[in-house]
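Enquirer: With our numbering applied, the sequence shown has no gaps in its numbers, which climb one by one up to 1650 at the end.
C-beta atoms are modelled at their ideal positions from N, C-alpha and C, and glycine is treated no differently.
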Amino acid sequence: MSMDDTVRAAIPAELSGMVRSAKFADGIATIIADASGLGRSAAAQLQSELEQAVGAVPEVSEVRVALMADKVERRIIAVGSGKGGVGKSTLTTNLAVALANAGRKVGVVDADVYGPSQPLLFGTQNEKHRAEGQTLIPTETEFGVKLLSMGQLIEPGRAIAWRGPMVGQALGQLIEADWGDVDTLLVDLPPGTGDVQLTMLQKFKPAGALIVSTPQDLALIDATRAMDLFRQGEVPIIGLVENMSGYICPHCGETSNPFGHGGTESAAQGLGVPFLGRVPLDMAIRVASDTGQPPAANDLPQGQPFAAIAEQLSAWLDRSA
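#1: For ASN1572, write down the residues that DSSP places opposite it in a beta bridge.
#2: Is it buried or exposed, GLN1631, if we count other Cβ atoms within 10 angstroms and call 16 or more buried?
#3: Please list, in chain order, all residues of the same chain as ALA1597 whose beta carbon is under 8 Å from its beta carbon, the five residues on each side excluded.
#4: Per DSSP, VAL1474 is paired with what?
#5: Quick check: the Cα distance between VAL1674 and VAL1435, rounded to an integer number of angstroms?
#6: Return the residue from the list LEU1518, LEU1449, LEU1379 and TRP1508 that minimises the CA-CA distance to GLY1413.
#7: Please report the Cβ distance between GLN1447 and LEU1476, rounded to the nearest whole angstrom; I am assuming they are in contact, meaning their Cβ atoms lie under 8 Å.
#8: To the nearest angstrom, how far is the alpha carbon of GLY1582 from that of LEU1610?
#9: Does the Cβ of ASP1619 lie closer than 8 Å to at least one heavy atom of the ligand NAD?
#10: So what's ARG1337 in DSSP terms, helix, strand or just coil?
#11: Going by C-alpha distance, which of ALA1617, ILE1566 and MET1573 is nearest GLY1591?
#12: Is ALA1382 helix, strand or coil when you go by DSSP?
#13: Whole beta strand (DSSP E) runs in the stretch 1528–1593 with 3 or more residues, listed along the chain?
#14: Buried or exposed: ILE1550, going by 16 or more other Cβ atoms within 10 Å of its Cβ?
#15: Across the stretch 1461–1476 and the stretch 1548–1565, are there enough close Cβ pairs to call them in contact, namely three or more that are closer than 8 Å?
#16: Tell me, to the nearest whole angstrom, how far the beta carbon of SER1365 is from that of ALA1398; I am working on the premise that it is less than 8 Å.
#17: If contacts are defined as beta-carbon pairs under 8 Å, then VAL1408 and LEU1558 qualify, I think. What distance do you get, rounded to the angstrom?
#18: Taking the straight line between their C-alpha atoms, what separation do you get for GLY1356 and ARG1459?
#19: Pull the bridge partners of THR1464 from the DSSP assignment, please.
#20: Taking just the CA atoms, how far does ARG1560 sit from GLY1601?
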């Protein structure tokens, strides 16, 4: 058996499939391994295990491990609204879960630094983010979605009073985190067209933007402003979603329309952008969201509107690849 074969034989079976080559010369073992899809921590662990295993070979005086990885093509999708209270965060959570169920590697950035709500929606409010040096490590949720939120970096209930530069720096740390194999990053933006949106357009240009609105005229006016900002930044508008579209009575099942109906679809037609669908104002969605169990994660009727919108978003991602 050659020394190259001896070195390869020393590699544990569970790691051997990741090793592209193993060479030995002058007491030095050189290992080239595939670390594609591994986060920084997992890659460091792989390197350490290879060094220990090969270093145990008597003839080996030094182990050199080179890790190679295919670069992940990661696309950012901004989820925005012109005003608060339209259910943008709930939609982001459920779209992420539905996309993950469909096989995509999904991450969520909770960019609403002043009012982060994603930890509650994902049920991770009691977990804190880790960091390696200056790089944040996203939380792995039980729904197959990675999450980073200011809500897990500060004390619960603590107010954040930051000016624009600090907000931009925080956004940068969230987006430039160790996302590993995530290929689709949904960014839950704060309402309006302020510092976070401007920083996003200048430094982390999204592949597309999805706009959420309720049916009434006031919300649609603000949603149009949000769309205009993205268009000025040459970010494609994926489409509009009408949230709180009809209230389903939990007792009689009858549907009423306290916020109107169809306004967002009419606005989409007038603006020449796709209408992606409606989500009803349903008590079951509110209860599930408050308990950290996104409806899209369960085979229930309340999850179906989110799955249908996620299917259209997924088709858009495939077309624009």
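Expert: Quick look at the numbers:
#1: VAL1608
#2: Residue burial is scored here from C-beta neighbours: GLN1631 has at least 16 other C-beta atoms within 10 angstroms and is therefore classed as buried.
#3: GLY1568, LEU1569, PRO1603 and PHE1604
#4: VAL1435
#5: With the chain covering only 1330 through 1650, there is no way to say anything about residue 1674.
#6: LEU1518
#7: 6 Å
#8: 12 Å
#9: The ligand NAD is not part of this structure, which contains no ligands at all.
#10: helix
#11: MET1573
#12: DSSP places ALA1382 in helix when its eight states are reduced to three.
#13: 1537–1542 and 1566–1577
#14: exposed
#15: no
#16: The C-beta distance from SER1365 to ALA1398 rounds to 5 Å, short enough to fall under 8 Å.
#17: Their Cβ separation, rounded to whole angstroms, is 14 Å, which puts VAL1408 and LEU1558 out of contact at 8 Å.
#18: Approximately 38 Å between the Cα atoms of the pair.
#19: Per DSSP, GLU1461.
#20: 13 Å
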